[in-house]
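Right, one structure below, let's go through it.
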Amino acid sequence: MFIKRNRVILSSVLIAASLVFVALMLLPVVGAFQQGNRTANNAANPAASPADQQKALEDQARGYELVLQREPDNQTALRGLLEVRIQQGNVQGAIAPLERLAKLNPDQTEYHVLLAQAKQQVGDTEGAAGVYRDILSRQPGDMNALQGLVGLMISQKRPEAAVALLQDTLKIADEQNKAKPGSINLTSVQLLLGQVYAEEERFNEAIAIYDEAIKTAGEDFRPLLGKAIVLRAAGRQDEAKPLFEQAASLAPAQYRDQISQLASGAQSPSDPANPVPEEPKTDAPSASPSGSQESSSPSRVTGTPSN
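In this text, residue positions in the sequence shown follow the working numbering: the first is 45, and each later residue adds one.
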(Lines of atoms letter the chains of each structure in order from A and count residues from 1; the text may use other names and numbers.)
(Lines give C-alpha, C1' and ligand atoms only; values in the text may rest on other atoms or scores of the structure.)
Protein backbone atom coordinates (compact mmCIF):
# COMPACT_ATOMS: atom_id res chain seq x y z
CA MET A 1 0.00 0.00 0.00
CA PHE A 2 2.82 2.44 0.81
CA ILE A 3 4.29 1.97 -2.68
CA LYS A 4 0.96 2.42 -4.46
CA ARG A 5 -0.11 5.38 -2.30
CA ASN A 6 3.06 7.25 -3.16
CA ARG A 7 3.33 6.30 -6.84
CA VAL A 8 3.47 9.92 -8.07
CA ILE A 9 6.34 10.84 -5.78
CA LEU A 10 8.16 7.58 -6.42
CA SER A 11 8.00 7.97 -10.17
CA SER A 12 8.99 11.61 -10.16
CA VAL A 13 11.94 11.19 -7.81
CA LEU A 14 13.26 7.80 -8.92
CA ILE A 15 12.85 8.21 -12.67
CA ALA A 16 12.37 11.84 -13.66
CA ALA A 17 15.39 13.04 -11.72
CA SER A 18 17.73 11.41 -14.21
CA LEU A 19 16.10 12.39 -17.47
CA VAL A 20 16.68 15.33 -19.74
CA PHE A 21 13.10 15.84 -20.89
CA VAL A 22 11.67 18.64 -22.96
CA ALA A 23 9.41 18.13 -20.01
CA LEU A 24 7.60 15.18 -18.54
CA MET A 25 5.45 15.42 -15.45
CA LEU A 26 3.07 13.09 -13.70
CA LEU A 27 -0.46 14.46 -13.71
CA PRO A 28 -3.77 12.87 -14.65
CA VAL A 29 -4.58 13.83 -18.20
CA VAL A 30 -8.12 15.02 -17.72
CA GLY A 31 -7.21 17.32 -14.86
CA ALA A 32 -4.25 18.68 -16.79
CA PHE A 33 -6.37 19.32 -19.89
CA GLN A 34 -9.06 21.01 -17.83
CA GLN A 35 -6.49 23.08 -15.97
CA GLY A 36 -4.89 24.13 -19.25
CA ASN A 37 -8.31 25.09 -20.55
CA ARG A 38 -9.18 27.19 -17.48
CA THR A 39 -5.79 28.87 -17.25
CA ALA A 40 -5.51 29.77 -20.91
CA ASN A 41 -9.08 31.02 -21.19
CA ASN A 42 -9.04 33.06 -18.00
CA ALA A 43 -5.72 34.62 -18.87
CA ALA A 44 -6.92 35.54 -22.35
CA ASN A 45 -10.22 37.10 -21.26
CA PRO A 46 -11.12 36.73 -17.60
CA ALA A 47 -14.45 38.56 -18.09
CA ALA A 48 -15.71 36.36 -20.95
CA SER A 49 -18.36 33.73 -20.31
CA PRO A 50 -17.46 30.05 -20.79
CA ALA A 51 -19.56 29.98 -23.95
CA ASP A 52 -17.73 33.00 -25.35
CA GLN A 53 -14.39 31.46 -24.46
CA GLN A 54 -15.24 28.22 -26.21
CA LYS A 55 -16.50 30.09 -29.28
CA ALA A 56 -13.25 32.06 -29.42
CA LEU A 57 -11.25 28.85 -29.25
CA GLU A 58 -13.34 27.23 -31.98
CA ASP A 59 -12.86 30.30 -34.17
CA GLN A 60 -9.10 29.95 -33.66
CA ALA A 61 -9.29 26.27 -34.56
CA ARG A 62 -11.18 27.03 -37.78
CA GLY A 63 -8.57 29.60 -38.71
CA TYR A 64 -5.76 27.08 -38.28
CA GLU A 65 -7.74 24.46 -40.20
CA LEU A 66 -8.18 26.85 -43.14
CA VAL A 67 -4.43 27.40 -43.24
CA LEU A 68 -3.85 23.64 -43.13
CA GLN A 69 -6.22 23.07 -46.04
CA ARG A 70 -3.83 25.14 -48.16
CA GLU A 71 -0.61 24.13 -46.40
CA PRO A 72 -1.04 20.73 -44.69
CA ASP A 73 2.58 20.72 -43.50
CA ASN A 74 2.52 24.20 -41.94
CA GLN A 75 3.94 23.40 -38.52
CA THR A 76 3.02 26.76 -37.01
CA ALA A 77 -0.63 26.09 -37.83
CA LEU A 78 -0.38 22.47 -36.66
CA ARG A 79 1.06 23.55 -33.32
CA GLY A 80 -1.55 26.28 -33.03
CA LEU A 81 -4.37 23.82 -33.67
CA LEU A 82 -2.85 21.39 -31.18
CA GLU A 83 -2.67 24.08 -28.52
CA VAL A 84 -6.30 25.07 -29.10
CA ARG A 85 -7.48 21.47 -28.85
CA ILE A 86 -5.56 21.09 -25.60
CA GLN A 87 -7.10 24.28 -24.22
CA GLN A 88 -10.51 22.87 -25.14
CA GLY A 89 -9.73 19.61 -23.38
CA ASN A 90 -10.37 17.86 -26.71
CA VAL A 91 -8.03 14.86 -26.70
CA GLN A 92 -9.57 13.29 -29.80
CA GLY A 93 -9.18 16.55 -31.71
CA ALA A 94 -5.51 16.75 -30.72
CA ILE A 95 -4.66 13.45 -32.38
CA ALA A 96 -4.75 14.58 -36.03
CA PRO A 97 -2.29 17.49 -35.63
CA LEU A 98 -0.11 15.33 -33.39
CA GLU A 99 0.04 12.58 -36.02
CA ARG A 100 1.11 15.11 -38.63
CA LEU A 101 3.68 16.74 -36.37
CA ALA A 102 5.10 13.34 -35.44
CA LYS A 103 5.42 12.42 -39.11
CA LEU A 104 7.10 15.73 -39.95
CA ASN A 105 9.49 15.46 -36.99
CA PRO A 106 10.52 11.79 -36.80
CA ASP A 107 13.49 12.50 -34.55
CA GLN A 108 11.57 14.63 -32.02
CA THR A 109 10.10 11.89 -29.88
CA GLU A 110 8.15 14.30 -27.68
CA TYR A 111 5.46 14.50 -30.38
CA HIS A 112 5.37 10.71 -30.65
CA VAL A 113 5.08 10.22 -26.88
CA LEU A 114 2.33 12.83 -26.72
CA LEU A 115 0.53 11.07 -29.58
CA ALA A 116 0.75 7.73 -27.77
CA GLN A 117 -0.61 9.29 -24.59
CA ALA A 118 -3.51 10.84 -26.52
CA LYS A 119 -4.36 7.54 -28.19
CA GLN A 120 -4.29 5.79 -24.83
CA GLN A 121 -6.57 8.41 -23.31
CA VAL A 122 -9.24 7.92 -25.99
CA GLY A 123 -9.09 4.14 -25.57
CA ASP A 124 -6.88 3.23 -28.52
CA THR A 125 -4.45 1.21 -26.44
CA GLU A 126 -3.26 -0.82 -29.42
CA GLY A 127 -2.44 2.37 -31.30
CA ALA A 128 -0.68 3.81 -28.25
CA ALA A 129 1.42 0.68 -27.82
CA GLY A 130 2.31 0.79 -31.50
CA VAL A 131 3.59 4.35 -31.23
CA TYR A 132 5.66 3.54 -28.15
CA ARG A 133 7.14 0.45 -29.82
CA ASP A 134 7.97 2.44 -32.94
CA ILE A 135 9.96 4.90 -30.83
CA LEU A 136 11.75 2.08 -29.02
CA SER A 137 12.60 0.30 -32.28
CA ARG A 138 14.63 3.38 -33.21
CA GLN A 139 15.70 4.53 -29.74
CA PRO A 140 15.49 1.56 -27.34
CA GLY A 141 16.65 3.66 -24.41
CA ASP A 142 14.08 6.45 -24.76
CA MET A 143 12.85 6.68 -21.18
CA ASN A 144 9.70 8.63 -22.10
CA ALA A 145 8.61 5.77 -24.35
CA LEU A 146 9.73 3.08 -21.91
CA GLN A 147 7.80 4.67 -19.07
CA GLY A 148 4.77 5.13 -21.29
CA LEU A 149 4.71 1.55 -22.53
CA VAL A 150 5.41 0.12 -19.07
CA GLY A 151 2.60 2.24 -17.65
CA LEU A 152 0.25 1.04 -20.38
CA MET A 153 1.11 -2.58 -19.65
CA ILE A 154 0.59 -2.10 -15.93
CA SER A 155 -2.80 -0.45 -16.53
CA GLN A 156 -3.73 -3.54 -18.58
CA LYS A 157 -2.72 -5.81 -15.68
CA ARG A 158 0.27 -7.14 -17.63
CA PRO A 159 3.16 -6.71 -15.20
CA GLU A 160 5.10 -9.66 -16.64
CA ALA A 161 5.10 -7.99 -20.06
CA ALA A 162 6.45 -4.82 -18.45
CA VAL A 163 9.17 -6.79 -16.66
CA ALA A 164 10.14 -8.58 -19.89
CA LEU A 165 10.36 -5.29 -21.80
CA LEU A 166 12.70 -3.78 -19.22
CA GLN A 167 14.80 -6.93 -18.86
CA ASP A 168 15.23 -7.06 -22.64
CA THR A 169 16.30 -3.40 -22.61
CA LEU A 170 18.91 -4.14 -19.94
CA LYS A 171 20.24 -7.08 -21.98
CA ILE A 172 21.00 -4.88 -24.99
CA ALA A 173 22.28 -1.90 -23.01
CA ASP A 174 26.00 -2.71 -23.26
CA GLU A 175 25.85 -3.31 -27.00
CA GLN A 176 23.77 -0.18 -27.63
CA ASN A 177 26.00 1.99 -25.47
CA LYS A 178 29.12 0.75 -27.25
CA ALA A 179 27.59 1.69 -30.59
CA LYS A 180 26.20 4.99 -29.29
CA PRO A 181 27.46 6.00 -25.84
CA GLY A 182 24.71 7.02 -23.45
CA SER A 183 21.87 5.75 -25.61
CA ILE A 184 20.48 3.62 -22.76
CA ASN A 185 20.64 4.96 -19.21
CA LEU A 186 21.23 1.70 -17.37
CA THR A 187 20.41 3.10 -13.93
CA SER A 188 17.11 4.62 -15.04
CA VAL A 189 15.97 1.36 -16.64
CA GLN A 190 16.96 -0.57 -13.49
CA LEU A 191 15.00 1.90 -11.36
CA LEU A 192 11.92 1.53 -13.51
CA LEU A 193 12.18 -2.25 -13.29
CA GLY A 194 12.60 -2.00 -9.53
CA GLN A 195 9.48 0.12 -9.32
CA VAL A 196 7.48 -2.45 -11.29
CA TYR A 197 8.69 -5.21 -8.97
CA ALA A 198 7.87 -3.09 -5.92
CA GLU A 199 4.34 -2.30 -7.08
CA GLU A 200 3.78 -6.02 -7.56
CA GLU A 201 5.17 -6.57 -4.03
CA ARG A 202 8.03 -8.64 -5.41
CA PHE A 203 10.27 -7.04 -2.85
CA ASN A 204 13.25 -9.39 -3.03
CA GLU A 205 13.54 -8.89 -6.78
CA ALA A 206 13.18 -5.13 -6.36
CA ILE A 207 15.95 -5.06 -3.74
CA ALA A 208 18.19 -7.17 -5.97
CA ILE A 209 17.85 -4.81 -8.95
CA TYR A 210 18.41 -1.77 -6.72
CA ASP A 211 21.56 -3.42 -5.32
CA GLU A 212 22.83 -3.87 -8.88
CA ALA A 213 22.14 -0.21 -9.60
CA ILE A 214 23.87 0.94 -6.40
CA LYS A 215 27.08 -0.82 -7.47
CA THR A 216 27.38 1.21 -10.67
CA ALA A 217 25.49 4.41 -9.93
CA GLY A 218 28.27 6.28 -8.10
CA GLU A 219 26.83 9.32 -6.33
CA ASP A 220 23.34 8.82 -7.77
CA PHE A 221 20.90 8.92 -4.85
CA ARG A 222 18.02 7.15 -6.60
CA PRO A 223 18.98 3.47 -6.18
CA LEU A 224 19.52 4.08 -2.46
CA LEU A 225 16.14 5.73 -2.22
CA GLY A 226 14.46 2.96 -4.18
CA LYS A 227 15.91 0.29 -1.92
CA ALA A 228 14.93 2.27 1.18
CA ILE A 229 11.35 2.57 -0.04
CA VAL A 230 11.10 -1.16 -0.70
CA LEU A 231 12.64 -2.06 2.66
CA ARG A 232 10.15 0.21 4.38
CA ALA A 233 7.25 -1.33 2.44
CA ALA A 234 8.50 -4.78 3.48
CA GLY A 235 8.45 -3.75 7.14
CA ARG A 236 12.24 -3.49 7.48
CA GLN A 237 12.27 0.06 8.81
CA ASP A 238 15.57 -0.23 10.69
CA GLU A 239 17.36 -1.14 7.46
CA ALA A 240 15.53 1.53 5.48
CA LYS A 241 16.29 4.49 7.74
CA PRO A 242 20.04 4.86 7.03
CA LEU A 243 19.41 4.48 3.30
CA PHE A 244 16.85 7.29 3.37
CA GLU A 245 19.41 9.44 5.17
CA GLN A 246 22.16 8.58 2.71
CA ALA A 247 19.88 9.26 -0.26
CA ALA A 248 18.88 12.63 1.18
CA SER A 249 22.52 13.59 1.67
CA LEU A 250 23.31 12.85 -1.99
CA ALA A 251 20.12 14.22 -3.54
CA PRO A 252 19.77 17.66 -5.12
CA ALA A 253 18.01 20.13 -2.85
CA GLN A 254 14.73 20.04 -4.78
CA TYR A 255 14.20 16.36 -3.91
CA ARG A 256 14.99 16.43 -0.20
CA ASP A 257 11.50 17.35 1.00
CA GLN A 258 10.05 14.51 -1.05
CA ILE A 259 12.58 12.07 0.36
CA SER A 260 11.69 13.19 3.89
CA GLN A 261 8.02 12.69 3.07
CA LEU A 262 8.70 9.17 1.83
CA ALA A 263 10.90 8.39 4.83
CA SER A 264 8.14 9.46 7.20
CA GLY A 265 5.60 7.28 5.41
CA ALA A 266 3.28 10.17 4.61
CA GLN A 267 0.77 9.72 1.84
CA SER A 268 1.29 11.65 -1.35
CA PRO A 269 -0.68 14.89 -1.28
CA SER A 270 -3.88 15.24 -3.26
CA ASP A 271 -3.24 18.94 -3.86
CA PRO A 272 -3.35 19.43 -7.64
CA ALA A 273 -0.24 21.56 -7.40
CA ASN A 274 1.53 18.32 -6.33
CA PRO A 275 5.13 18.21 -5.22
CA VAL A 276 6.81 16.82 -8.30
CA PRO A 277 9.96 18.71 -9.25
CA GLU A 278 9.67 21.61 -11.64
CA GLU A 279 10.36 20.65 -15.22
CA PRO A 280 12.69 22.61 -17.48
CA LYS A 281 10.99 25.65 -18.93
CA THR A 282 10.25 25.89 -22.63
CA ASP A 283 8.66 28.60 -24.71
CA ALA A 284 6.26 26.18 -26.33
CA PRO A 285 2.62 25.29 -25.65
CA SER A 286 1.83 22.62 -23.11
CA ALA A 287 0.00 19.39 -23.66
CA SER A 288 -0.95 16.45 -21.55
CA PRO A 289 -2.65 13.43 -22.99
CA SER A 290 -1.92 10.38 -20.87
CA GLY A 291 -3.72 7.15 -20.51
CA SER A 292 -2.51 5.78 -17.25
CA GLN A 293 -5.34 4.88 -14.95
CA GLU A 294 -3.69 3.49 -11.83
CA SER A 295 -0.41 2.91 -13.53
CA SER A 296 3.05 4.21 -13.00
CA SER A 297 2.87 5.73 -16.39
CA PRO A 298 3.83 9.26 -17.16
CA SER A 299 2.50 11.90 -17.71
CA ARG A 300 2.25 15.28 -18.84
CA VAL A 301 4.44 16.40 -21.69
CA THR A 302 4.68 20.13 -21.59
CA GLY A 303 6.49 21.83 -24.32
CA THR A 304 6.35 21.54 -28.05
CA PRO A 305 9.61 21.28 -29.94
CA SER A 306 10.40 24.16 -32.18
CA ASN A 307 11.09 23.76 -35.86
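By construction, the Cβ of each residue, glycine as well, lies at the ideal position given by its N, Cα and C atoms. Given the structure is predicted, the values throughout are model-derived calculations rather than measurements.
Taking the alpha-carbon positions, what's the residue i to residue j distance?
i, j, result
"leucine 110", "glycine 124", "12 Å"
"glutamine 239", "alanine 205", "14 Å"
"aspartate 151", "leucine 145", "11 Å"
"leucine 158", "valine 274", "31 Å"
"leucine 236", "glutamine 119", "34 Å"
"glutamate 283", "serine 304", "16 Å"
"leucine 214", "aspartate 264", "18 Å"
"isoleucine 216", "alanine 95", "53 Å"
"glutamine 220", "leucine 196", "25 Å"
"isoleucine 251", "threonine 260", "15 Å"
"proline 342", "glycine 192", "Low per-residue confidence applies at proline 342: pLDDT is 33, beneath 50, and the placement is therefore not dependable enough to give any value."
"arginine 114", "glycine 137", "19 Å"
"serine 93", "alanine 189", "39 Å"
"alanine 121", "valine 175", "23 Å"
"alanine 292", "aspartate 301", "9 Å"
"lysine 224", "aspartate 218", "10 Å"
"leucine 269", "leucine 287", "7 Å"
"asparagine 149", "leucine 126", "15 Å"
"lysine 285", "leucine 306", "11 Å"
"serine 199", "glycine 167", "12 Å"
Applying the criterion that 16 or more other CB atoms from any shown protein chain within 10 Å of the CB defines a buried residue, is residue i buried or exposed?
i, result
"arginine 276", "buried"
"lysine 271", "buried"
"arginine 129", "buried"
"asparagine 248", "exposed"
"alanine 105", "buried"
"glutamate 154", "buried"
"proline 267", "buried"
"valine 233", "buried"
"glycine 309", "exposed"
"glycine 133", "buried"
"alanine 295", "buried"
"alanine 242", "buried"
"glutamine 298", "exposed"
"glutamine 211", "exposed"
"alanine 160", "buried"
"glutamine 97", "buried"
Can you tell me where the alpha helix (DSSP H) with residue i in it begins and where it stops?
i, result
"glutamate 289", "281-294"
"asparagine 188", "187-199"
"glutamate 127", "119-132"
"phenylalanine 247", "247-260"
"glutamine 183", "Neither: glutamine 183 is in no alpha helix (DSSP H) and is coded neither H nor E."
Taking residue i and residue j to be in contact with their CB atoms under 8 Å, please state how far apart those CB atoms are, rounded to whole angstroms.
i, j, result
"leucine 209", "valine 194", "7 Å"
"leucine 142", "alanine 162", "6 Å"
"glycine 262", "isoleucine 228", "17 Å between Cβ atoms; not a contact."
"glutamate 244", "proline 203", "5 Å"
"glutamine 183", "valine 135", "That belief does not hold up - the Cβ atoms of glutamine 183 and valine 135 are roughly 25 Å apart, past 8 Å."
"leucine 112", "glutamine 131", "That pair is no contact at about 18 Å."
Specify the secondary structure class of residue i as computed by DSSP and reduced to three states.
i, result
"lysine 163", "helix"
"isoleucine 273", "helix"
"glycine 226", "coil"
"arginine 300", "helix"
"aspartate 178", "helix"
"asparagine 149", "coil"
"serine 93", "coil"
"glycine 80", "Any reading at glycine 80 needs caution, since the residue's pLDDT is 47, under 50, leaving its predicted position unreliable; the model's value is listed next. In the structure shown, glycine 80 sits in a helix (DSSP, three-state: H, G or I)."
"arginine 266", "helix"
"arginine 202", "coil"
"glutamate 115", "coil"
"glycine 309", "coil"
"alanine 278", "coil"
"aspartate 168", "coil"
"glutamate 109", "helix"
"glycine 154", "Going by the sequence as given, residue 154 is glutamate instead of glycine. Helix."
"glutamate 244", "coil"
Is there a C-beta anywhere in chain B that falls below 8 Å from the one on residue i?
i, result
"tyrosine 155", "Here chain B cannot be found, since the structure has a single protein chain."
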